[in-house]
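Here this note's numbering = 1-based position in the sequence shown + 7.
One structure below.
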Amino acid sequence: MTAHEIPHCQRHRSGAFASLPGGRADKPDVIETSQPTAELQAMAHEMRVTRREEAFADLAGLAWTHAHHPDQFAQVLSWFDAARADETPRGFHDTRHWLGLAHTADAFSGSGSPFDQADALWQLGLRDD
Numbered sequence: 008m009t010a011h012e013i014p015h016c017q018r019h020r021s022g023a024f025a026s027l028p029g030g031r032a033d034k035p036d037v038i039e040t041s042q043p044t045a046e047l048q049a050m051a052h053e054m055r056v057t058r059r060e061e062a063f064a065d066l067a068g069l070a071w072t073h074a075h076h077p078d079q080f081a082q083v084l085s086w087f088d089a090a091r092a093d094e095t096p097r098g099f100h101d102t103r104h105w106l107g108l109a110h111t112a113d114a115f116s117g118s119g120s121p122f123d124q125a126d127a128l129w130q131l132g133l134r135d136d
């Protein structure tokens, strides 16, 4: 879990927490725009922002595990899959979409830092979040 929490700290420290990569607009999604009140719209927005941050942290933790404990990577990925399995669809911790990307053979085959490797998959997942 430490490898999951450190990316949150890194994004806070860099000023990137709750923001999207350069050039991406944070437009309301269909869930947010369908809410009947401003309060519920704000909650839906916060849910979406939190989900994205959790996805980045999951991926960075997995990238670190892949680099430092490759023999345990499959077990840790399975643990994340199980931990996220019962999440409310598109809820605060529903990172299943991004975890699916981590199952590809070349998901963490790059030579960059765990943050860089996570960012590449994270942005791929943002395309259709």
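Glycine included, C-beta positions come from ideal geometry on N, C-alpha and C.
Rounded straight-line distance, which links the Cα of R91 to that of Q82: About 14 angstroms.
So, for I38: in the same chain, excluding its five sequence neighbours on each side, which residues have a beta-carbon less than 7 angstroms away from its beta-carbon? A51, R97
Jot down the residue ranges of each uninterrupted alpha helix (DSSP H) in the segment 9-63, minimum 4 residues, whole runs only, in chain order. 9-21, 37-40
Tell me which same chain residues have a C-beta within less than 7 angstroms of the C-beta of A62, skipping the five on either side of it? Within its own chain, the residues whose Cβ lies closer than 7 angstroms to the Cβ of A62, once the five positions on either side in sequence are excluded, are T102, W105, W129, G132, listed in chain order.
Using CA coordinates, which residue listed in A64, G29, T111, S41 is at the minimum distance from I13? A64
Is F99 helix, strand or coil by DSSP? coil
How would you call A125, buried or exposed, if buried means at least 16 neighbouring beta carbons within 10 angstroms? buried
Just the Cα atoms here: how many angstroms apart are P43 and D93? 26 angstroms
Around the C-beta of T9, are 16 or more other C-beta atoms found within 10 angstroms, so that it is buried, or is it exposed? T9 comes out exposed.
Could you tell me whether the Cβ atoms of F24 and R18 are closer together than 8 angstroms? yes
Using three-state DSSP, classify G117 as helix, strand or coil. In the three-state reduction of the DSSP assignment, G117 falls in the coil class, being assigned neither a helical nor a strand state.
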